[in-house]
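Asker:
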Amino acid sequence: MSRIDEIEARMAEIAKELDNENADVDALEKEVRGLKDEKKAIAETAEKRQALRDEVAGGAGTVVRKFALDAAEDRSFNADSKEYRNAFLKDLLGLEMSKEERAAFVHTTANTTAVLPTTMLNQIWDLVSKQHAIMGDITIYRTGTILEVVKHTAITQGAAKTLSENTANDDEQNTFVKVTLSGKDFAKHVDISYAMERMSIDALEQYLVSEISASLGDAMAADVIAQIGTDTAAGNKVNSAAAGALTFTELAKLFGLLKRVGAVSVYATRSTIYNYLVGMVDSTGRPIFQPSAQAGQEGVVLGAAIKVEDAVADDVILIGDGSKVVYNMVQDIMIESDRDIRRHVTTYSGYARGQGALVDPNAFAQLTITAAGG
Numbered sequence: 001m002s003r004i005d006e007i008e009a010r011m012a013e014i015a016k017e018l019d020n021e022n023a024d025v026d027a028l029e030k031e032v033r034g035l036k037d038e039k040k041a042i043a044e045t046a047e048k049r050q051a052l053r054d055e056v057a058g059g060a061g062t063v064v065r066k067f068a069l070d071a072a073e074d075r076s077f078n079a080d081s082k083e084y085r086n087a088f089l090k091d092l093l094g095l096e097m098s099k100e101e102r103a104a105f106v107h108t109t110a111n112t113t114a115v116l117p118t119t120m121l122n123q124i125w126d127l128v129s130k131q132h133a134i135m136g137d138i139t140i141y142r143t144g145t146i147l148e149v150v151k152h153t154a155i156t157q158g159a160a161k162t163l164s165e166n167t168a169n170d171d172e173q174n175t176f177v178k179v180t181l182s183g184k185d186f187a188k189h190v191d192i193s194y195a196m197e198r199m200s201i202d203a204l205e206q207y208l209v210s211e212i213s214a215s216l217g218d219a220m221a222a223d224v225i226a227q228i229g230t231d232t233a234a235g236n237k238v239n240s241a242a243a244g245a246l247t248f249t250e251l252a253k254l255f256g257l258l259k260r261v262g263a264v265s266v267y268a269t270r271s272t273i274y275n276y277l278v279g280m281v282d283s284t285g286r287p288i289f290q291p292s293a294q295a296g297q298e299g300v301v302l303g304a305a306i307k308v309e310d311a312v313a314d315d316v317i318l319i320g321d322g323s324k325v326v327y328n329m330v331q332d333i334m335i336e337s338d339r340d341i342r343r344h345v346t347t348y349s350g351y352a353r354g355q356g357a358l359v360d361p362n363a364f365a366q367l368t369i370t371a372a373g374g
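For the sequence shown, position 230 matches number 230 in the UniProt record's numbering, and the numbering has no gaps at all.
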C-alpha cells in the first residue's frame with residue numbers, strides 16, 4: 001500500500017470516528033490538516049519528478065560536467081573597487097585598461113561623469129580636515145542638490161523666566177528664517193607636461209590628492225570662516241580692551257556669550273595661539289593653558305580644544321560649536337583632465353560646489369585683539 005492509500009484510508013477512519021459524540025474533534029481536525037498537507041506535498045513531488053523525466057526524454061540531455069561562471073564577468077563594480085580606481089587614473093593618463101578595469105569604468109560612469117574613486121575622495125577629505133580643523137568639525141551633507149536649512153534667529157516670546165506660583169509661562173515663539181544652500185564653485189587646476197605624465201598611477205594619485213586637497217581645502221575653509229563671521233550675532237563679536245593684549249576675563253566673557261552649544265572649540269592661527277593663549281594666566285596668576293597630546297589639538301583652555309585654523313585671521317580668536325555649521329555639498333570633489341596639444345601639457349582640474357550656513361547665530365563668538373593705535 002502506498003503512502004497516498006494509507007492517508008486516504010486514515011481519512012475514512014476519521015470520518016467514522018466523528019460520528020462518536022465523545023470524539024476529540026480538535027485532535028482529529030489537527031490530524032486531518034496534517035494528512036492533507038502531506039498528501040499535497042507528495043503530489044507536488046510526483047509532478048516535479050514527471051516533469052523532469054519529460055524534459056530528459058525531450059532531448060535536454062544528461063549533465064556530464066558543470067562549469068563555474070567567470071567571477072570577473074559576474075562581479076559588480078563601483079567607485080569603491082580597486083579596478084575602478086586603476087581605471088580612473090589610467091583614463092586620466094590615457095593608458096590602456098584591462099578587461100576588468102574597462103568594465104568597472106563603464107559600469108560606474110554609465111549615468112554620470114567619472115566620479116572620484118572612494119579611496120582618493122577619502123584621502124582628499126582627510127587631508128582637508130587635517131589642514132583645516134573647521135572642515136572636520138562642521139556638519140557636511142552630500143545631497144547633490146540645493147538644500148534649504150532652517151536658521152534660528154531669536155526667541156521672541158516664551159523664554160524661561162521667574163513666575164508666580166500657578167502662573168503659566170508664555171507659549172514659546174521662535175523666529176526662524178530659511179536659508180537656501182545652492183552652492184559656490186571651488187576649482188583648482190594643475191598643468192603636467194607630457195614628459196611628467198609618464199609617472200606611475202600611484203604617483204599621479206598622490207600628486208593630485210596633495211594638490212587638490214591643499215587648494216580646495218584652503219578655499220572652502222576660508223568660505224566657511226567668512227560665513228560664520230557673517231552669521232554670528234553682532235553681540236557676539238567683541239574687541240580686546242587693550243591694544244595687543246588679551247586678558248583672562250575677556251576670554252572667559254567670550255565663552256559666556258555662547259548659547260545652545262555642545263562641544264566647543266577655539267579656532268585661531270598658530271601665531272595667535274602662542275602669542276596670546278599659551279602664556280595666559282587667571283586672576284591668581286595660574287596658567288590656564290593645558291597642553292594636549294591629542295592629534296589636531298594644540299591644547300585646552302577653559303575646557304575647549306584649541307585648534308590651529310589658518311583660515312582665521314591673525315589676532316582673531318573664534319570659539320564655538322562647529323557642528324552648528326551646516327554645509328551642503330551640491331557637487332562633491334571631482335577631477336577632470338584635458339590635453340593641450342599646442343603646449344604639450346595635460347590640465348588636471350579639481351572642482352567642487354558647496355555652501356554652508358551657521359544655523360544658530362549664538363553658537364559662535366569672536367574676539368579681535370585690538371591693533372596698536374586702533
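The C-beta atom is built at its ideal place from N, Cα and C for all residues, glycine as well.
For clarity, every value in this text was computed on a predicted model and none was experimentally measured.
Give me the Cα-Cα distance between T113 and Q297, rounded to the nearest whole angstrom.
Answerer: Residue numbering aside, residue 113 sits at position 113 when the sequence shown is read from its first letter. Residue numbering aside, residue 297 sits at position 297 when the sequence shown is read from its first letter. For T113 and Q297, the distance between alpha carbons rounds to 38 Å.
Asker: For the region 183-199 against the region 265-282, are there 3 or more C-beta pairs whose distance is under 8 Å?
Answerer: Flag = no, the region 183-199 and the region 265-282 do not touch.
Asker: So, at 6 Å on beta carbons, what are the nonlocal neighbours of V115 in its own chain, with the 5 sequence-adjacent residues on each side left out?
Answerer: Translated into positions along the sequence shown, residue 115 becomes position 115. For V115, where only same-chain residues beyond five positions count, the Cβ hits under 6 Å are A79.
Asker: Checking 9 Å against the spacing of the C-beta atoms, do M135 and M220 come in under that value?
Answerer: Within the sequence shown, the letter at position 135 stands for residue 135. Within the sequence shown, the letter at position 220 stands for residue 220. Contact flag set, yes.
Asker: Could you tell me whether the Cβ atoms of I228 and I273 are closer together than 9 Å?
Answerer: What you label residue 228 is simply residue 228 of the sequence shown in a count that begins at 1. What you label residue 273 is simply residue 273 of the sequence shown in a count that begins at 1. Not in contact: I228 and I273 (Cβ atoms no closer than 9 Å).
Asker: Of the residues T143, K130 and V25, which one's Cα is nearest the Cα of M329?
Answerer: Here residue 329 refers to the residue found at position 329 when the sequence shown is read from its first residue. When each option's Cα is compared against that of M329, the closest is T143.
Asker: Spatial neighbours of T139 within its chain, please: C-beta separation below 6 Å, excluding the five flanking residues on both sides.
Answerer: If you number the sequence shown from 1, residue 139 lands on position 139. Taken in chain order, the residues that qualify are S323 and V326.
Asker: The beta strand (DSSP E) that contains K307, what's its start and end?
Answerer: In the sequence shown, residue 307 corresponds to position 307, counting from 1. K307 -> beta strand (DSSP E) spans A304 to V308.
Asker: Which term fits G158, buried or exposed, when burial requires 16 or more other beta carbons within 10 angstroms of its beta carbon?
Answerer: Residue mapping note: residue 158 aligns to position 158 of the sequence shown, counting from 1. For G158, the predicted model reports a pLDDT of 48, less than 50, meaning its position is unreliable and no value from the coordinates is stated.
Asker: Measure the C-alpha to C-alpha separation of R353 and D202 and round it to an integer number of angstroms.
Answerer: Translated into positions along the sequence shown, residue 353 becomes position 353. Translated into positions along the sequence shown, residue 202 becomes position 202. Computed Cα separation, rounded: 26 Å.
Asker: Do N236 and A365 have their CB atoms nearer than 9 Å?
Answerer: On the sequence shown, residue 236 is found 236 positions in, with the first residue counted as 1. On the sequence shown, residue 365 is found 365 positions in, with the first residue counted as 1. A365 is positioned such that its CB atom lies closer than 9 Å to that of N236.
Asker: Around the Cβ of A68, are there at least 16 other Cβ atoms within 10 angstroms (buried) or fewer (exposed)?
Answerer: Here residue 68 is taken as the residue at index 68 of the sequence shown, counted from 1. Here the model assigns A68 a pLDDT of 48, short of 50, so the residue's position is not dependable, and the following value carries that caveat. Per the 10 Å Cβ criterion, exposed.
Asker: To the nearest angstrom, how far is the alpha carbon of F88 from that of F105?
Answerer: The count along the sequence shown starts at 1 and reaches residue 88 at position 88. The count along the sequence shown starts at 1 and reaches residue 105 at position 105. For F88 and F105, the distance between alpha carbons rounds to 7 Å.
Asker: On a Cα-Cα basis, can you pick out the residue from Y276, A222, D332 and L92 that is closest to G244?
Answerer: As a first step, residue 244 must be located in the sequence shown, where it is residue number 244. Checked all of Y276, A222, D332 and L92; the closest Cα to G244 is Y276.
Asker: So which of D223, S292, S193 and I335 has the shortest CA-CA distance to R343?
Answerer: Sequence index remark: in the sequence shown, residue 343 carries index 343 (1-based). It is S193.
Asker: Where does I369 land, buried or exposed, given buried means 16+ other C-beta within 10 angstroms?
Answerer: Taking the sequence shown and counting its residues from 1, one reaches residue 369 at position 369. The residue in question, I369, is buried, as its Cβ has 16 or more Cβ neighbours within 10 Å.
Asker: Let me check understanding here. Comparing Cα to Cα, which of D5, Y84, Q131 and K48 lies closest to A110?
Answerer: In the sequence shown, counting from the first residue as 1, residue 110 sits at position 110. Per the Cα distances, Y84.
Asker: Check the C-beta distance from L254 over to L367 and give it rounded, since I have them as a contact under 8 Å.
Answerer: In the sequence shown, counting from the first residue as 1, residue 254 sits at position 254. In the sequence shown, counting from the first residue as 1, residue 367 sits at position 367. Confirmed, Cβ separation roughly 5 Å.
Asker: In three-state terms, what does DSSP make of V278?
Answerer: Sequence index remark: in the sequence shown, residue 278 carries index 278 (1-based). Coil at V278, not helix or strand.
Asker: What separation, rounded to the nearest whole angstrom, lies between the Cα atoms of T249 and A241?
Answerer: As a first step, residue 249 must be located in the sequence shown, where it is residue number 249. As a first step, residue 241 must be located in the sequence shown, where it is residue number 241. Spanning the two alpha carbons is a distance of roughly 11 Å.
Asker: Tell me the rounded alpha-carbon separation between T347 and S337.
Answerer: Locating residue 347 in the sequence shown gives position 347, where the first residue counts as 1. Locating residue 337 in the sequence shown gives position 337, where the first residue counts as 1. Straight-line Cα distance between these residues: approximately 5 Å.
Asker: Roughly how many whole angstroms lie between the Cα atoms of S2 and R49?
Answerer: Here residue 2 refers to the residue found at position 2 of the sequence shown. Here residue 49 refers to the residue found at position 49 of the sequence shown. The alpha-carbon atoms of S2 and R49 are separated by roughly 17 Å.
Asker: Between which two residues does the beta strand (DSSP E) containing Y351 stretch?
Answerer: In the sequence shown, the residue the question calls residue 351 occupies position 351. Unbroken beta strand (DSSP E) run through Y351: V345 to L358.
Asker: Using a Cβ-Cβ cut-off of 6 Å (strictly less than) and excluding sequence neighbours within five positions of A71, which residues of its own chain qualify?
Answerer: As a working mapping, residue 71 is identified with position 71 in the sequence shown. Residue confidence is low: A71 scores 47 on pLDDT, short of 50, so the model does not pin down where it sits. Its coordinate-derived value is still stated next. Excluding positions up to five away in sequence, the list is empty.
Asker: Out of L92, N86, D137 and V266, state which residue places its alpha-carbon closest to the alpha-carbon of A103.
Answerer: Start at 1 with the first residue of the sequence shown, and residue 103 comes out as number 103. Taking only the C-alpha atoms, the option nearest A103 is N86.
Asker: Using only CA atoms, which one of V150, F289, T108 and G350 lies nearest to residue 385?
Answerer: With the chain covering only 1 through 374, there is no way to say anything about residue 385.
Asker: May I ask you to list the residues that DSSP assigns as paired with I140?
Answerer: As a first step, residue 140 is located in the sequence shown; it is residue number 140 there, counting from the start. For I140, which the question treats as bridged, DSSP gives the partners Y327.
Asker: Would DSSP call T119 helix, strand or coil?
Answerer: Start at 1 with the first residue of the sequence shown, and residue 119 comes out as number 119. In this structure, T119 counts as helix in the three-state DSSP scheme.
Asker: Only counting the same chain, and skipping five residues up and downstream in sequence, which positions put a Cβ closer than 6 Å to that of G299?
Answerer: To locate residue 299, count along the sequence shown from 1; it is residue 299. Correct list, in chain order: F289, Q290, P291, S292 and I306.
Asker: If contacts are defined as beta-carbon pairs under 8 Å, then A234 and D321 qualify, I think. What distance do you get, rounded to the angstrom?
Answerer: Residue numbering aside, residue 234 sits at position 234 when the sequence shown is read from its first letter. Residue numbering aside, residue 321 sits at position 321 when the sequence shown is read from its first letter. The Cβ separation is near 19 Å, so there is no contact.
Asker: Given this structure, state the Cα-to-Cα distance separating G303 from T269, to the nearest angstrom.
Answerer: Looking up residue 303 in the sequence shown gives position 303. Looking up residue 269 in the sequence shown gives position 269. Their backbone Cα atoms lie some 19 Å apart in a straight line.
Asker: Among S129, L18 and L147, whose alpha-carbon lies nearest the alpha-carbon of V308?
Answerer: Along the sequence shown, one-based indexing puts residue 308 at 308. Comparing C-alpha distances from V308 to each of S129, L18 and L147 shows the shortest one belongs to S129.
Asker: Just checking my contact of V238 with Y267 at CB under 8 Å: how many whole Å lie between their CB atoms?
Answerer: The residue you call residue 238 lines up with position 238 of the sequence shown. The residue you call residue 267 lines up with position 267 of the sequence shown. No, V238 and Y267 are not in contact; Cβ-Cβ is about 16 Å, not under 8 Å.
Asker: Tell me the DSSP secondary structure of T269 in three-state form.
Answerer: Residue 269 sits at position 269 when you count from the first residue of the sequence shown. Three-state result, T269: coil.
Asker: Let me check understanding here. Comparing Cα to Cα, which of I335, V179 and T230 lies closest to L204?
Answerer: Along the sequence shown, read from residue 1 onward, the residue named residue 204 stands at position 204. Selected option, being the one with the closest Cα: I335.
Asker: Considering just the uninterrupted stretch of the alpha helix (DSSP H) at L246, what are its terminal residues?
Answerer: Residue mapping note: residue 246 aligns to position 246 of the sequence shown, counting from 1. Unbroken run through L246: none, as it is neither H nor E.
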